[in-house]
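Colleague:
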Amino acid sequence: MKLLFVSKLDRFARAVSAITKYVQTGKALGHEVALFGEQSSEITSVPYSLDVDKFDFAIFVIYGPWDFPDLPYLARLLDGMPKERRIIIDCTGRYNDTIRIEHDFNHLEKVDGHQGWEWIEGFQAVSDKILQPTLKPLRPDVHPFLFHGYDSSALVRSYNSPEEAAGAWSGDGAASKPYGMVYVGHNWQRWSQMSHFLEAVEPLKDRLGPICLRGWDWDKRPDWAIEHGLQGVDVDLALLQRLSVETGWGIPFDQVVELVSKGRFSPVLHRPLFNHLGLVTTRTFETFCSDTIPILMLPEHLVDAIYSTDARPLAPREDIAGKLNDMMHQPEVYWDAVLKTRAYLAQHHSYHQRFKELLAILNR
Amino acid sequence: MIDRRTNRGSIQAVASYVRAGDPLGHTIALYGRPDPNYPGVRCSTDLGAFDYVVFLCEFGLQWMSGLRMPRVLLDVPRDRRAILDADGMYNAVIAVDRYDRNHANERERLRWMAQCDCLAAKLLQPTFEPPQPGVISMPFYGYDPSLQMDGKSSPPKRFDIMHIGHNWWRWREMSTCLLPAIERIRAHLDGICFVGLWWDMVPAGAREQNLEIAFGFDSDWFRRLAVEVRQAVPYTEVISAMSEGRVNIMTQRPLFRRLKLLTSKYFETFCADTIPLVMLDPDHAELVYGPAGRQLALNESIAEKLLDALTRPEKYRKIVQEVRRHLVEHHSYYKRVQQLVAALEGRS
Chain A
407 MKLLFVSKLD RFARAVSAIT KYVQTGKALG HEVALFGEQS SEITSVPYSL DVDKFDFAIF
467 VIYGPWDFPD LPYLARLLDG MPKERRIIID CTGRYNDTIR IEHDFNHLEK VDGHQGWEWI
527 EGFQAVSDKI LQPTLKPLRP DVHPFLFHGY DSSALVRSYN SPEEAAGAWS GDGAASKPYG
587 MVYVGHNWQR WSQMSHFLEA VEPLKDRLGP ICLRGWDWDK RPDWAIEHGL QGVDVDLALL
647 QRLSVETGWG IPFDQVVELV SKGRFSPVLH RPLFNHLGLV TTRTFETFCS DTIPILMLPE
707 HLVDAIYSTD ARPLAPREDI AGKLNDMMHQ PEVYWDAVLK TRAYLAQHHS YHQRFKELLA
767 ILNR
Chain B
9 MIDRRTNRGS IQAVASYVRA GDPLGHTIAL YGRPDPNYPG VRCSTDLGAF DYVVFLCEFG
69 LQWMSGLRMP RVLLDVPRDR RAILDADGMY NAVIAVDRYD RNHANERERL RWMAQCDCLA
129 AKLLQPTFEP PQPGVISMPF YGYDPSLQMD GKSSPPKRFD IMHIGHNWWR WREMSTCLLP
189 AIERIRAHLD GICFVGLWWD MVPAGAREQN LEIAFGFDSD WFRRLAVEVR QAVPYTEVIS
249 AMSEGRVNIM TQRPLFRRLK LLTSKYFETF CADTIPLVML DPDHAELVYG PAGRQLALNE
309 SIAEKLLDAL TRPEKYRKIV QEVRRHLVEH HSYYKRVQQL VAALEGRS
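Top line first, the protein sequences correspond to chains A and B.
So the first sequence is numbered by the working numbering: it starts at 407 and just counts up by one.
So the second sequence is numbered by the working numbering: it starts at 9 and just counts up by one.
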């Protein structure tokens with residue numbers, strides 16, 4: 407099978423990691439995978455192609471309007487690939503009625519210039535087959551397809567037992583883990599959860615160690631958000647200062663696993679909209695590749711459905727400080743959960759598995 | 009199809025086209041769903057119900073996104089699509105006095121042209137003489153006498169001088185011509201008001217796009233001159249807002265002056281209950297407004313002309329009436345609709 411992905415890749419955001427994995431996995435399984443467009447000199451791990459006729463399917467991976475190509479490339483793509491061989495993976499729940507959860511939303515004209523109906527009609531013009539990375543899409547005409555996956559070959563460090571993992575995690579100390587907590591992701595609709603997390607761990611500040619946030623707009627509320635009156639990218643500089651939080655710009659996708667491994671803990675947060683829709687992201691799976699204990703700040707039903715019940719100890723529910731305290735006291739209990747979850751992810755959510763699921767949907 | 013905004017671009021013209029089309033038997037609509045922010049503007053998303061799609065393009069093409077365009081590409085053949093290039097982008101790279109420009113470089117120009125060539129078979133520019141071969145002259149903007157505000161319906165005059173327009177490539181002319189002239193006669197003037205975006209701030213993202221120069225301003229100078237800055241008003245309130253000024257000054261960015269591009273402001277200023285003074289070359293003012301228009305050109309002796317208009321309003325009112333008669337005869341939207349239809353059908 408020859409698959410042509412269509413998306414705007416950015417080394418610091420969105421689908422770049424997943425599409426890179428599809429290229430690798432496709433190759434290993436005897437398929438050809440490329441991205442539509444002219445070859446990028448920045449992302450050399452993904453082959454690009456404009457030769458639409460050569461491919462069996464075009465797979466649009468859409469986060470925002472920018473993921474569709476501009477003219478004249480768009481016309482070339484639509485002319486060269488018939489509608490029945492185009493599919494859309496709607497990564498942010500755009501193909502729904504307009505939904506607002508807290509400050510989060512799936513449509514907002516002042517952000518990207520499109521009203522809700524345009525998302526529906528625009529998607530329907532491109533394809534009859536729309537997938538969303540959730541187990542339970544709201545619309546009956548959407549296929550569930552998680553898209554993102556777990557790559558066990560990217561594991562920074564593997565362990566034979568929870569005791570070994572806990573020993574390494576506790577014993578290495580500050581020399582190998584300079585941070586108590588690392589989070590990599592952009593501050594877009596995540597502040598309410600991040601501030602809740604930070605406030606909760608404040609009493610543990612000295613025992614936890616330094617905190618590092620890497621991604622866009624953790625250091626100040628951006629001008630565009632102020633200009634448009636948008637919430638959801640707030641920051642509380644006093645809170646960040648009290649906790650001596652180190653903030654920095656995003657890092658390239660191929661350095662995320664390594665950086666997250668420098669923290670003893672790493673929270674897994676989804677936007678309020680994503681929690682509502684059950685949407686998963688790259689980080690849902692990738693955090694388990696790092697040498698860290700993931701803190702699953704996710705709805706319980708999603709934890710069970712994606713990671714299995716083995717991961718429940720990693721979800722702090724309401725008592726974040728108590729959970730982290732306990733993790734520091736008896737890490738082997740939690741590393742047991744991490745290792746079991748990794749095994750579950752390798753079995754059920756590998757990119758091999760995803761690729762097969764995708765082919766099954768394409769051939770349906 | 010336009011980048012829909014209530015307070016900028018060509019939305020006033022679209023509303024006038026919708027009104028003028030009906031009695032002529034042409035159904036004209038704005039692409040999109042009905043929206044109370046655009047009163048009186050017929051909206052439709054039924055692309056198959058129309059003979060032509062006209063894209064009103066300005067500086068940026070981002071609004072013609074890959075999400076929005078597939079429906080158009082799939083439902084409307086290219087020979088039934090046309091572009092009105094309002095900002096003179098479909099030209100060679102033009103940089104006026106190393107300041108205003110249509111494209112930052114040749115690469116950007118080629119990208120812009122490629123998008124347009126792919127999108128539409130016809131390219132129109134709102135100028136009488138498009139420099140680029142193959143581009144159709146289509147004045148596009150016009151005069152809608154139904155919008156004219158008379159002394160009775162006009163709001164009270166609060167300002168001697170008003171300027172309504174956004175601060176986009178206008179600062180050089182402001183800072184070298186208009187403001188120095190105003191400064192000289194400030195003691196003789198009552199209130200001054202600038203209405204529009206970016207007279208007191210640079211928009212987010214301008215620096216990153218290397219466009220900060222297009223948004224120059226000097227709040228201290230405005231303060232010294234007691235210039236009041238008001239935020240942009242929606243198109244439905246523009247004429248009423250203009251009517252608060254005894255004199256309204258129309259400026260154009262240098263690129264537009266070079267290309268002699270017409271805009272909504274050329275005509276809507278004459279709908280207001282005010283004395284319009286236009287910062288245009290007198291020959292061009294005469295070409296658009298007729299012989300009387302020459303006397304409204306604010307080209308030389310700006311300070312003296314402003315004082316003259318304020319102290320002899322009757323003289324100028326007669327000139328404005330003369331210009332309005334010319335506009336009704338030559339630049340009505342009825343005429344424009346017919347010109348547009350002819351252009352789309354290849355009869356122009």
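From the three backbone atoms N, C-alpha and C, an ideal C-beta is built for every residue, glycine too.
1) My understanding is that tryptophan 206 of chain B touches tryptophan 176 of chain B, with C-beta atoms under 8 Å, so please give their C-beta distance in whole angstroms.
2) Counting only beta-carbon separations shorter than 8 Å, does phenylalanine 671 of chain A have a partner in chain B?
3) Rank A:His682, A:Leu768, A:Ser672, A:Thr687 by C-alpha distance to the C-alpha of alanine 721 of chain A and give the top, closest one.
4) Which residues, in order along the stretch 701-713 of chain A, keep a beta-carbon less than 9 Å from a beta-carbon of chain B?
5) Locate the beta strand (DSSP E) running through histidine 602 of chain A, then write down its first and last residues.
6) What are the residues in the stretch 109-138 of chain B lying within 9 Å of chain A by C-beta distance?
7) Would DSSP call alanine 631 of chain A helix, strand or coil?
8) Provide the residue span of the beta strand (DSSP E) that contains leucine 219 of chain B, from first to last.
9) Between which two residues does the beta strand (DSSP E) carrying asparagine 256 of chain B extend?
10) Using a 10 Å radius around the Cβ and a threshold of 16 neighbouring Cβ atoms, would you call threonine 135 of chain B buried or exposed?
11) Would you call lysine 414 of chain A buried or exposed, if buried means 16 or more other Cβ atoms sit within 10 Å of its Cβ?
12) Should tryptophan 206 of chain B be flagged as near chain A, meaning a C-beta pair shorter than 8 Å?
13) Go ahead and label tryptophan 655 of chain A buried or exposed: buried means 16 or more other beta carbons lie within 10 angstroms of its beta carbon, across all protein chains shown.
14) Interface residues of chain B around tryptophan 630 of chain A at Cβ under 8 Å?
15) Which residue's Cα is closest to the Cα of histidine 111 of chain B: B:Gln140, B:Asn15, B:Phe67, B:Cys126?
16) Using the DSSP secondary-structure output, state which residues sit across from proline 284 of chain B in a beta bridge.
17) Looking at the structure shown, is leucine 765 of chain A part of a helix, part of a strand, or coil, going by DSSP?
18) Have a look at B:Pro78, B:Met77, B:Pro47, B:Lys130 and flag the residue whose alpha-carbon is nearest the alpha-carbon of arginine 88 of chain B.
19) So who's on the other strand from phenylalanine 167 of chain B, going by DSSP bridges?
20) DSSP three-state label for alanine 103 of chain B, please.
21) Taking the alpha helix (DSSP H) that serine 576 of chain A belongs to, which residues open and close that run?
22) Do the CB positions of tyrosine 774 of chain A and histidine 755 of chain A come within less than 8 Å of each other?
23) Under 7 Å Cβ to Cβ from aspartate 281 of chain B, same chain only, skipping five residues before and after it: list those, please.
24) Checking contacts by CB at 8 Å: is glycine 74 of chain B closer than that to chain A?
25) Using 8 Å as the Cβ pair cut-off and three pairs as the minimum, do the stretch 521-540 of chain A and the stretch 744-754 of chain A touch?
26) Does the beta carbon of tryptophan 525 of chain A come closer than 8 Å to any beta carbon on chain B?
27) When DSSP labels each residue in this structure, what does threonine 653 of chain A get in the three-state scheme?
28) With a floor of 3 residues, list each beta strand (DSSP E) that falls wholly inside the stretch 144-216 of chain B, ordered by position along the chain.
29) Look at valine 80 of chain B and valine 61 of chain B and say whether their C-beta atoms are less than 8 Å apart.
30) If we define contact as Cβ-Cβ less than 8 Å, is tryptophan 229 of chain B a contact residue for chain A?
31) Do phenylalanine 551 of chain A and isoleucine 726 of chain A have their C-beta atoms closer together than 8 Å?
32) Alpha carbon to alpha carbon, how far is leucine 683 of chain A from proline 85 of chain B?
33) Helix, strand or coil for phenylalanine 659 of chain A per DSSP?
34) Listing by chain order, which chain B residues have their CB less than 8 Å from the CB of leucine 484 of chain A?
35) From alanine 580 of chain A to alanine 752 of chain A, what distance separates their C-alpha atoms?
36) Comparing C-alpha positions only, which one of A:Phe659, A:Val663, A:Asp660, A:Asp642 sits nearest to threonine 653 of chain A?
Modeller: Once the coordinates are examined:
1) Walking along the second sequence from the start, residue 206 of chain B turns up at place 198. Walking along the second sequence from the start, residue 176 of chain B turns up at place 168. Going by Cβ atoms, the distance from tryptophan 206 of chain B to tryptophan 176 of chain B rounds to 7 Å, so yes, they are a contact pair.
2) Taking the first residue of the first sequence as 1, we reach residue 671 of chain A at position 265. With 8 Å as the cut-off, phenylalanine 671 of chain A does not count as an interface residue toward chain B.
3) Counted from its first residue, the first sequence places residue 721 of chain A at position 315. Minimum Cα distance to alanine 721 of chain A is reached at A:Ser672.
4) none
5) Walking along the first sequence from the start, residue 602 of chain A turns up at place 196. Segment 597-607 is the alpha helix (DSSP H) holding histidine 602 of chain A; no beta strand (DSSP E) there.
6) Arg119, Ala122, Gln123, Cys124, Asp125, Cys126, Leu127
7) Sequence index remark: in the first sequence, residue 631 of chain A carries index 225 (1-based). Here alanine 631 of chain A sits in helix by DSSP.
8) Taking the first residue of the second sequence as 1, we reach residue 219 of chain B at position 211. Premise fails: leucine 219 of chain B is in no beta strand (DSSP E) and is neither H nor E.
9) Walking along the second sequence from the start, residue 256 of chain B turns up at place 248. Asparagine 256 of chain B -> beta strand (DSSP E) spans 253-258.
10) Locating residue 135 of chain B in the second sequence gives position 127, where the first residue counts as 1. Buried, by the Cβ-count rule.
11) Counting from one through the first sequence, the residue named residue 414 of chain A turns up at place 8. Counting Cβ neighbours within 10 Å, lysine 414 of chain A comes out buried, since at least 16 surround it.
12) Here the question's residue 206 of chain B lines up with position 198 in the second sequence. It does not; no Cβ of chain A falls within 8 Å.
13) Position 249 of the first sequence, counted from the start, is the residue given in the question as residue 655 of chain A. With fewer than 16 Cβ atoms within 10 Å of its Cβ, tryptophan 655 of chain A is classed as exposed.
14) Taking the first residue of the first sequence as position 1, residue 630 of chain A is located at position 224. Result: Ala212, Gly213.
15) Residue mapping note: residue 111 of chain B aligns to position 103 of the second sequence, counting from 1. Here the closest residue by C-alpha is B:Phe67.
16) Position 276 of the second sequence, counted from the first residue, corresponds to residue 284 of chain B. In DSSP, proline 284 of chain B forms a bridge with B:Asn256.
17) By 1-based counting over the first sequence, the position of residue 765 of chain A is 359. Three-state DSSP puts leucine 765 of chain A in a helix.
18) Position 80 of the second sequence, counting from 1, holds the residue named residue 88 of chain B. Residue B:Lys130 is the option with its Cα nearest to arginine 88 of chain B.
19) Residue numbering aside, residue 167 of chain B sits at position 159 when the second sequence is read from its first letter. Looking at the DSSP assignment, phenylalanine 167 of chain B forms a beta bridge with B:Gly253.
20) Numbered from its first residue, the second sequence carries residue 103 of chain B at position 95. Residue state, collapsed to three classes: strand.
21) Taking the first residue of the first sequence as 1, we reach residue 576 of chain A at position 170. From DSSP, the alpha helix (DSSP H) with serine 576 of chain A extends over 568-577.
22) Given that chain A is displayed from residue 407 to residue 770, the structure contains no residue 774 of chain A and the question cannot be resolved.
23) Reading the second sequence from its first residue, position 273 is the one you call residue 281 of chain B. Counting only Cβ-Cβ distances below 7 Å, and skipping sequence neighbours, we find Met157, Asp158, Gly159, Ser162, Ser251.
24) Against the second sequence, residue 74 of chain B aligns to sequence position 66. Cβ-Cβ to chain A under 8 Å: yes for glycine 74 of chain B.
25) no
26) Mapped onto the first sequence, residue 525 of chain A falls at position 119. For tryptophan 525 of chain A, the answer is yes, since a Cβ of chain B falls inside 8 Å of its Cβ.
27) Residue numbering aside, residue 653 of chain A sits at position 247 when the first sequence is read from its first letter. DSSP places threonine 653 of chain A in strand when its eight states are reduced to three.
28) 167-172, 200-203
29) Position 72 of the second sequence, counted from the start, is the residue given in the question as residue 80 of chain B. Position 53 of the second sequence, counted from the start, is the residue given in the question as residue 61 of chain B. The answer is yes: Cβ separation under 8 Å.
30) Position 221 of the second sequence, counting from 1, holds the residue named residue 229 of chain B. Not one chain A Cβ lies under 8 Å of tryptophan 229 of chain B.
31) Translated into positions along the first sequence, residue 551 of chain A becomes position 145. Translated into positions along the first sequence, residue 726 of chain A becomes position 320. Not in contact: phenylalanine 551 of chain A and isoleucine 726 of chain A (Cβ atoms no closer than 8 Å).
32) As a working note, residue 683 of chain A is residue 277 in the first sequence. As a working note, residue 85 of chain B is residue 77 in the second sequence. For leucine 683 of chain A and proline 85 of chain B, the distance between alpha carbons rounds to 38 Å.
33) Against the first sequence, residue 659 of chain A aligns to sequence position 253. Note: phenylalanine 659 of chain A maps to helix in three-state DSSP.
34) Within the first sequence, numbered from 1, the residue matching residue 484 of chain A stands at position 78. The contacting residues are Pro78, Leu81, Leu82.
35) The residue you call residue 580 of chain A lines up with position 174 of the first sequence. The residue you call residue 752 of chain A lines up with position 346 of the first sequence. In this predicted model, alanine 580 of chain A has a pLDDT of only 49, less than 50, meaning its place in the structure is not dependable enough to derive any value.
36) Along the first sequence, one-based indexing puts residue 653 of chain A at 247. Of the listed residues, the one whose Cα sits closest to threonine 653 of chain A is A:Asp642.
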